[in-house]
Amino acid sequence: MNVARPAVFLDRDGTIIREVDYLRSPAQLRLLPGAADAIKGLNEAGFAVVIATNQSGIARGMLTEADLALTNAVLERRLARAGAHLDAIYFCPHHPEVGHPEYRQQCECRKPAPGMLLRAAGELDLDLSRSFAVGDSARDLLAGRNAGCRTVLVRTGYGRATEAACGQELPADHVADDLAGAVEWIVGQLVQHERARTEKTDR
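Its first residue numbered 74, the sequence shown is counted upward by one per residue in the numbering used here.
Right, dumping it as structure tokens:
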């Protein structure tokens with residue numbers, strides 16, 4: 074019988090790549106330092122690695138779904154050159170108030186709603202109770218909380234501003250300087266969990 078895997082759900086902009094206001098083409102794509110190696114570390118630790126990203130630039134007419142697919146393909150190739158891979162990429166093209174009518178809607182996939190994470194769990198057979206959500210905004214963290222995951226704020230992108238704005242109300246289980254720091258903590262949590270499980274079994 075297959076055992077559901079834990080996952081790490083990653084925001085894209087400001088977490089894996091440099092924050093660009095509505096990134097529209099691969100020419101603007103820049104991996105953050107250490108991001109590829111961090112994702113490789115998650116791969117090696119046995120986590121499914123899934124991007125879940127709001128992309129309301131599509132609703133706003135700034136790019137198309139085809140443009141986004143091209144950029145994501147370039148991202149995956151650059152990660153592959155570093156020995157890292159993603160298990161899936163999910164995106165929300167909607168906005169509740171602005172944009173083209175086909176995309177202007179109150180949806181279940183736009184973070185902080187957990188729709189993308191729940192869909193990934195169903196399609197990829199993921200254990201949300203053992204999973205983590207990582208991002209630079211409160212929306213990213215709340216989507217994780219709403220899906221039953223633990224959460225990590227990174228201080229890249231909008232992370233420092235998010236940390237300052239939320240203060241004690243920050244919905245994060247941990248705060249890291251960057252994705253590498255987040256992954257170090259997440260893998261440490263996995264090791265602790267497995268050690269505790271082994272000790273319980275040995276009693």
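Heads up, the beta-carbon is just placed ideally off N, CA and C, and yes, glycines get one too.
From V260 to P174, what distance separates their C-alpha atoms? Each residue's alpha carbon lies about 43 angstroms from the other.
Label P79 either buried or exposed according to how many other C-beta atoms from any shown protein chain fall within 10 Å of its C-beta, with 16 as the threshold for buried. Buried: at least 16 other Cβ atoms inside 10 Å.
Classify S129 as buried or exposed, calling it buried when 16 or more other Cβ atoms lie within 10 Å of its own Cβ. Around the beta carbon of S129, 16 or more other beta carbons sit within 10 angstroms, so the residue counts as buried.
Which whole-angstrom value describes the C-beta separation of V264 and H247, a residue pair presumed to lie in contact below a C-beta threshold of 8 angstroms? 15 angstroms between Cβ atoms; not a contact.
Is it buried or exposed, R103, if we count other Cβ atoms within 10 angstroms and call 16 or more buried? The residue is exposed, with fewer than 16 neighbouring Cβ atoms inside 10 Å.
When burial is assigned at 16 or more other CB atoms within 10 Å of the CB, is S98 buried or exposed? Exposed, since its Cβ has fewer than 16 Cβ neighbours within 10 Å.
Residues bridged to T224 (per DSSP): T224 is bridged by DSSP to A206.
Beta-ladder partner(s) of R177, from DSSP: BP columns for R177 point to H168.
Unbroken stretches of the beta strand (DSSP E), 3 residues or longer, contained in the stretch 97–178: Taking 3 residues as the shortest admissible run, the stretch 97–178 contains the following complete beta strand (DSSP E) segments, listed from N- to C-terminal end: 121–127 and 161–165.
D86 (DSSP reduced to helix, strand or coil): Strand.
S204 and R183: beta carbons closer than 9 angstroms? No, the pair does not count as a contact, with Cβ atoms beyond the cut-off.
In terms of alpha-carbon separation, which member of V81, N75, V76 and V147 lies closest to E257? Restricting attention to V81, N75, V76 and V147, the CA atom closest to the CA of E257 is found in V81.
Beta carbon of D110, beta carbon of A157: below 9 angstroms? Yes. Within cutoff.
Applying the criterion that 16 or more other CB atoms from any shown protein chain within 10 Å of the CB defines a buried residue, is A166 buried or exposed? The amino acid at residue 166 is misidentified as Ala; the sequence shows Pro. Counting the other CB atoms within 10 Å of its CB gives P166 a total of 16 or more, which places it among the buried residues.
To the nearest angstrom, how far is the alpha carbon of E149 from that of L159? When the Cα atoms are used, E149 and L159 turn out to be separated by approximately 7 angstroms.
Under the three-state reduction of DSSP, which class applies to L197: helix, strand or coil? If DSSP states are grouped into helix, strand and coil, L197 belongs with the helices.
Looking at the unbroken alpha helix (DSSP H) that takes in A237, where does it start and where does it end? Segment G232 to C239, the alpha helix (DSSP H) holding A237.
Since V227 and T88 should fall inside the 8 angstroms C-beta cutoff, what is the C-beta to C-beta distance between them, to a whole number of angstroms? The pair is a contact, with the Cβ atoms about 6 angstroms apart (cut-off 8 angstroms).
With distances taken from CA atoms, which of G208, R177 and G230 is nearest R91? Residue G230 holds the alpha-carbon nearest to the alpha-carbon of R91 among G208, R177 and G230.
Under 9 angstroms between the Cβ atoms of G208 and P187? Cβ atoms of G208 and P187: not closer than 9 angstroms.
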